[in-house]
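Visitor:
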């Protein structure tokens, strides 16, 4: 979801599948607290979404990212097809933690977002209790910058 897609192992696995021609769907459960994970939400809603996606189909160079909101299954407010969101990077948080061997490491994450994420994004949909379905493309090239750089070089 959001910029997390650039380092998500779940997305990476779906990208690998897509690269070898396997239609791929990444499924992720949102959570605010690791002690209260609403796995039943994904469990209850995933099979119907997967069936519907498979029936529709999608291009060979696209993978589908599905994010389930951090709520109970009965509190889901529907499904929204979204675009990839962007977080407010001013909320970036770096925490020093200690691992099991008493060595420090750093956890990079975000504090709660100030204000509303942009409408139509995966972040907004899940924050408002909707399941977000986001088609992602393997080609990460930014074409406007590509043209600009070609003209310069």
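Numbering (the UniProt record's numbering), first residue to last: 1 to 153.
We put the beta carbon where it would ideally sit given N, CA and C, even for glycine.
Here's the rule I'm using: 16 or more other beta-carbon atoms within 10 Å means buried, otherwise exposed. How should residue 103 be labelled?
Guide: Numbered from 1 along the chain shown, position 103 holds the residue referred to as residue 103. Per the 10 Å Cβ criterion, exposed.
Visitor: Looking only at its own chain, which residues have a Cβ that is under 7 Å from the Cβ of residue 110, when we skip the five neighbours before and after it?
Guide: Here residue 110 refers to the residue found at position 110 of the chain shown. Once the five neighbours on either side are set aside, the close Cβ partners of residue 110 are 87, 91, 92 and 93.
Visitor: Assign residue 122 to one of two classes, buried (16 or more other C-beta atoms within 10 Å of its C-beta) or exposed (fewer than that).
Guide: Within the chain shown, numbered from 1, the residue matching residue 122 stands at position 122. Its Cβ being crowded by 16 or more others within 10 Å, residue 122 is buried.
Visitor: Rounded to whole angstroms, what's the CA-CA distance from residue 137 to residue 148? Just pull it up for me.
Guide: Here residue 137 refers to the residue found at position 137 when the chain shown is read from its first residue. Here residue 148 refers to the residue found at position 148 when the chain shown is read from its first residue. Using only the alpha carbons, I get a separation of about 22 Å.
Visitor: Identify which residue in 118, 130, 52 and 24 has its Cα closest to the Cα of residue 60.
Guide: Along the chain shown, one-based indexing puts residue 60 at 60. Comparing Cα positions, the closest option is 24.
Visitor: Among 20, 117, 27 and 7, which residue has its Cα nearest to the Cα of residue 135?
Guide: Locating residue 135 in the chain shown gives position 135, where the first residue counts as 1. Of the candidates 20, 117, 27 and 7, the one whose C-alpha sits nearest the C-alpha of residue 135 is 27.
Visitor: Whose CA, out of 49, 52 and 44, lies closest to the CA of residue 158?
Guide: Limits of the chain in this structure are 1 at one end and 153 at the other, which puts residue 158 out of reach.
Visitor: Run through DSSP, which three-state label would residue 38 get?
Guide: One-based indexing of the chain shown puts residue 38 at position 38. Of the three classes helix, strand and coil, the one that applies to residue 38 here is coil, per DSSP.
Visitor: According to the neighbour-count rule (16 or more other Cβ atoms, all chains shown, within 10 Å of its Cβ), is residue 30 buried or exposed?
Guide: In the chain shown, counting from the first residue as 1, residue 30 sits at position 30. The residue in question, residue 30, is buried, as its Cβ has 16 or more Cβ neighbours within 10 Å.
Visitor: Label residue 5 either buried or exposed according to how many other C-beta atoms from any shown protein chain fall within 10 Å of its C-beta, with 16 as the threshold for buried.
Guide: By 1-based counting over the chain shown, the position of residue 5 is 5. Label assigned to residue 5: buried.
Visitor: Around the Cβ of residue 66, are there at least 16 other Cβ atoms within 10 angstroms (buried) or fewer (exposed)?
Guide: Position 66 of the chain shown, counted from the first residue, corresponds to residue 66. Answer is buried; the Cβ neighbour count reaches 16.
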